[in-house]
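Just so we're aligned: the sequence shown equals residues 9 to 96 in this note's numbering. A virtual CB, placed ideally from N, CA and C, is assigned to each residue, including glycine. Computed from a prediction, not measured in an experiment: that's the story for all the values here.
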Amino acid sequence: MFRARGWGAPAAPVAASSAAELPALPFTYVGKQQVGGEWRVFLQDADDIHIVQARDTVAGAYRVLSVKPPTMTLEHLATHTVQTLEIE
Numbered sequence: 009m010f011r012a013r014g015w016g017a018p019a020a021p022v023a024a025s026s027a028a029e030l031p032a033l034p035f036t037y038v039g040k041q042q043v044g045g046e047w048r049v050f051l052q053d054a055d056d057i058h059i060v061q062a063r064d065t066v067a068g069a070y071r072v073l074s075v076k077p078p079t080m081t082l083e084h085l086a087t088h089t090v091q092t093l094e095i096e
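Right, dumping it as structure tokens:
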């Protein structure tokens with residue numbers, strides 16, 4: 009019927025995950041090429057090379073949101089976290 013209440017101060021809210029807690033991207037930047045006004049980026053993941061551009065999915069786990077040198081923005085599909093990769 010009624011919730012129990014304590015007399016102490018309310019608990020502090022739990023902080024949201026910060027960028028420092030995000031895992032590093034599994035890709036290494038290898039190079040880029042501009043084709044027809046769009047950038048293609050070459051990423052290495054272990055022994056695989058991925059050639060991607062905006063709106064592509066990489067390794068089934070990331071979506072390329074944008075490629076605007078010197079930065080590429082990716083979204084982790086499972087967690088919807090957004091991370092950037094320097095592509096100079």
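- Message: Out of A54, D55, Q52 and V72, which one is the CA nearest neighbour of A61?
- Response: Position 53 of the sequence shown, counting from 1, holds the residue named residue 61. Strictly speaking, residue 61 in this sequence is Gln, with Ala absent from that position. Of the listed residues, the one whose Cα sits closest to Q61 is V72.
- May I have the straight-line CA-CA distance separating H88 from Y70, to the nearest angstrom? For the purposes of this step, residue 88 is identified with residue 80 of the sequence shown, where counting begins at 1. For the purposes of this step, residue 70 is identified with residue 62 of the sequence shown, where counting begins at 1. The alpha-carbon separation between H88 and Y70 amounts to approximately 9 Å.
- Beta carbon of Q91, beta carbon of L33: below 7 Å? For the purposes of this step, residue 91 is taken as the residue at position 83 of the sequence shown. For the purposes of this step, residue 33 is taken as the residue at position 25 of the sequence shown. Using a Cβ distance threshold of 7 Å, Q91 and L33 count as a contacting pair.
- Task: Would you identify the three-state DSSP class for G68, choosing helix, strand or coil?
- Result: Here residue 68 refers to the residue found at position 60 of the sequence shown. It is coil, neither helix nor strand.
- Could you check if L82 is buried or exposed, using at least 16 other CB atoms within 10 Å of its CB as the buried criterion? Position 74 of the sequence shown, counted from the first residue, corresponds to residue 82. So L82 ends up on the buried side.
- Simplified DSSP assignment, three categories, for Q89: Numbered from 1 along the sequence shown, position 81 holds the residue referred to as residue 89. It is Thr, not Gln, that sits at residue 89 in the sequence shown. Of the three classes helix, strand and coil, the one that applies to T89 here is coil, per DSSP.
- Where does D53 fall in DSSP's three states? Here residue 53 corresponds to residue number 45 of the sequence shown, with the count starting at 1. In the three-state DSSP reduction, D53 falls in the strand class (E or B).
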